[in-house]
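In the working numbering, the protein residues as written are 12 to 506.
Idealized CB from N, CA, C, for every residue including glycine.
Fair warning: this is a prediction, and the values are worked out from it, not measured in the lab.
All remarks here apply to the structure that follows.
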Amino acid sequence: MIDPARTPVIAAIGEAVDRPTDLTDALEPLALMEAALRRAVNGLHGEVLGRVDSIDVVNLISWPYAAPADQLCIRLGIWPARRHYGAVGGETPVRFVHAAAARIARGESDIAVICGGEAHLSAGRAAARDVALDWTPPPAIAAPSIRGQDTAHPLAKAIGAHLPVTVYPLYDNATAHGWCQRPDTALRESAALWARMSTVAARNPHSWDGRSYSADEIATAGPDNRIIAWPYRKRMVANIGVNMGGALVVMSLATARELGLDDGRLAFVQGGHHAKEPDDYLLRDSYAGCVARDAVLDAALTIAPHGFDHVELYSCFPVVPKASRRRLALDDLYPCTVTGGLTFFGAPLNNYMTHAAAAMVRALQDMPGIGLLYGQGGFMTKHATLVLSSRPAEVPWVGDEGSVMADVATRYGAVPRFDDRPDGAATLETFTVVHDRKGARRGVVVARTDQGKARTLARVDEQEIAMLEDDADYPIGRPGRVSTGGDGIPTWRFA
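What follows is the structure, given as structure tokens:
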């Protein structure tokens with residue numbers, strides 16, 4: 012028999028969205044977290060907040076704080092024994108829920124909170140308009156927020172290929188080419204998937220953009236839907252210009268029952284896994300796939316071998332859910348989200364998956380079954396899954412927090428050495444073209460040198476960019492030459 016005192020469940024959820032008409036009324040991130048958490052516990056019997064023994068705050072970017080977890084607890088009037096502020100990563104909310112469930116399963120915790128908030132839109136507008144916000148004063152030294160761009164290779168920074176919007180297209184183009192798609196076919200698949208996500212977002216009352224878009228509106232470039240980095244249009248990338256807070260309350264089944272909660276309103280944590288790729292995206296085995304992603308998705312299927320009734324696949328850029336959908340053998344018409352996606356629901360930076368978990372709980376309440384949350388962080392770097400169900404597991408949940416990295420190591424292909432001063436024949440491995448707001452273009456390619464044994468990163472001259480942006484054919488695999496100029500930056504030219 013499963014011990015209710017050791018059975019972890021998500022028992023309460025809360026979300027807050029702030030659309031101020033006046034910046035002086037804008038809520039800061041801590042206030043959004045507080046509002047979301049108070050909504051989560053509102054209506055629960057007993058003083059739940061006072062019994063919280065653990066709190067995880069998702070890393071936030073839009074406003075600096077000295078110690079966000081401690082500062083939130085002070086606002087709430089609580090002081091749990093465990094107060095944790097996490098690292099940067101879109102997968103962290105999934106891992107926080109998993110870790111909290113593991114502690115409950117081991118008897119180390121009883122009620123845990125996971126929450127996060129961002130006010131990127133308000134903070135950005137205030138800075139642009141030179142408006143002073145009546146928010147918590149920034150500290151002299153803020154809590155750290157180390158992002159993927161901070162650990163990028165110096166050459167990637169020099170070329171300007173050190174941001175997510177310039178890295179994910181490298182994967183998208185290489186992956187679609189590996190699937191034997193034409194660029195225009197791959198674009199249509201992305202647009203159709205994003206259109207389905209927008210329909211889900213339009214039904215979610217917490218979404219930032221409540222409009223449903225057609226595939227043509229997403230695929231067609233124009234003044235309000237410019238190309239960001241080929242092949243991505245604006246309506247295909249995460250929208251960080253939002254003000255949102257989300258909170259989850261994880262507790263033991265015994266405590267939930269003590270509080271008078273109906274088992275049918277709970278989401279039972281069945282388990283999950285996490286794995287990662289090398290931090291430097293230039294030191295990976297391939298861009299036509301992702302071993303760590305595949306490993307965590309495969310592991311999730313061992314928990315639910317008959318598949319999932321509800322699925323949330325991270326959607327910062329189209330390549331992520333497109334590849335994940337294939338790994339899970341989901342129908343090509345499946346929307347891949349219960350939330351609405353990071354473009355249309357909104358992307359409160361690292362905290363999207365907190366909102367996704369809340370949406371998954373509601374989905375399981377409305378249609379009982381098994382749900383999968385898949386989150387991702389960095390540049391296709393960190394991967395985490397969590398399996399939730401409307402019913403308890405058939406066997407006691409062990410709460411294994413270990414990763415599947417051993418499996419990743421056995422699957423990983425050979426990694427080419429990196430050549431930062433190439434000169435000679437090369438083969439194009441993948442590419443993108445970055446567009447700025449004024450229409451200027453900047454080509455970036457990853458190329459193989461030394462007969463494929465080495466890899467380099469190179470810029471592309473303007474006259475060669477048209478060969479990259481060919482809707483009918485990918486130039487991947489084509490021969491060329493790379494040479495390093497006096498500024499130390501390699502340049503690619505087609506043969």
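Item	Value
From Arg-466 to Thr-196, what does the alpha carbon distance come to, in whole angstroms?	28 Å
Just to confirm the assignment, what range does the alpha helix (DSSP H) spanning Ser-201 have?	194-214
By DSSP, does Met-391 sit in helix, in strand, or in coil?	coil
Quick check on His-284: does DSSP put it in helix, strand or coil?	strand
For His-164, which three-state DSSP category applies?	coil
Can you give me the C-alpha to C-alpha distance between Thr-313 and Met-378, rounded to a whole angstrom?	22 Å
Is Ala-226 near Ala-213, with beta carbons less than 8 Å apart?	no
So within the region 312-386, which uninterrupted beta strand (DSSP E) runs reach at least 3 residues, ignoring any that extend past its ends?	321-324
Cα separation between Leu-181 and Asp-141?	37 Å
What runs of the alpha helix (DSSP H), each 4 residues or longer, lie entirely inside the region 473-502?	473-479
Taking 8 Å as the threshold, find out whether the region 72-84 comes into contact with the region 149-163 through three or more Cβ pairs.	yes
Less than 8 Å separating the beta-carbons of Ala-311 and Thr-392?	no
Can you tell me where the beta strand (DSSP E) holding His-188 begins and where it ends?	Counting along the chain, His-188 falls outside any beta strand (DSSP E), though it belongs to the alpha helix (DSSP H) covering 175-189.
Does the separation of the CB atoms of Val-69 and Asn-250 fall below 8 Å?	no
Tell me which residues share the same chain as Ser-156 and place their Cβ nearer than 8 Å to its Cβ, disregarding the 5 neighbours each side in the sequence.	Asn-70, Leu-71, Ile-72, Val-99
When you compare the CB positions of Ala-258 and Ala-51, do they come within less than 8 Å of one another, or not?	yes
Would you kindly check if the distance between the Cβ of Ala-22 and the Cβ of Leu-277 is under 8 Å?	yes
So is Glu-58 buried or exposed if we call it buried at 16+ other beta carbons inside 10 Å?	exposed
I need the straight-line Cα distance from Asp-343 to Thr-460, nearest angstrom please.	36 Å
Quick one: give me the first and last residue of the alpha helix (DSSP H) that Ala-112 is part of.	103-116
Could you tell me which of Ser-494, Gly-171, Arg-49 sits nearest to Arg-86, measuring between CA atoms?	Arg-49
Start and end of the alpha helix (DSSP H) containing Asp-121?	Looking at the DSSP string, Asp-121 is not in any alpha helix (DSSP H), and its letter there is neither H nor E.
Inspect the CB distances between the region 263-273 and the region 340-355 and report whether three or more fall short of 8 Å.	no
Please work out which residues of its chain come closer than 6 Å, Cβ to Cβ, to Val-105, disregarding the five sequence neighbours upstream and downstream, and give them in chain order.	Met-364, Leu-384, Gly-386, Ala-395, Leu-397
Take Pro-91 as the anchor and find which of Ala-202, Leu-60, Asp-498 has the nearest alpha-carbon.	Leu-60
Taking 8 Å as the cut-off, decide whether the C-beta atoms of Glu-26 and Ala-367 are in contact.	no
Throw me the rounded Cβ distance for the Arg-246 and Tyr-224 pair, which I believe falls under 8 Å.	7 Å
For His-217, which residues in the same chain have their Cβ closer than 6 Å to its Cβ, ignoring the five residues on either side in sequence?	Glu-26, Val-28
Is the region 444-455 close to the region 320-330, with three or more CB pairs under 8 Å?	no
Leu-48 by DSSP, collapsed to three states: which one?	helix
What does a CB cutoff of less than 6 Å around Phe-107 pick up in its chain, not counting 5 residues either side in sequence?	Asp-67, Ile-125
Which residues does DSSP pair with Pro-19 in a beta bridge?	Ser-263
I want to know whether the region 164-171 touches the region 271-289 - three or more CB-CB distances under 8 Å.	no
Taking DSSP's pairing of strands, which residues face Met-255 in a bridge?	Val-28, Glu-129
Would you kindly report the start and end of the unbroken alpha helix (DSSP H) that includes Glu-228?	226-230
For the candidate residues Val-349, Asp-290, Asp-447, whose alpha-carbon lies nearest to that of Asn-236?	Asp-447
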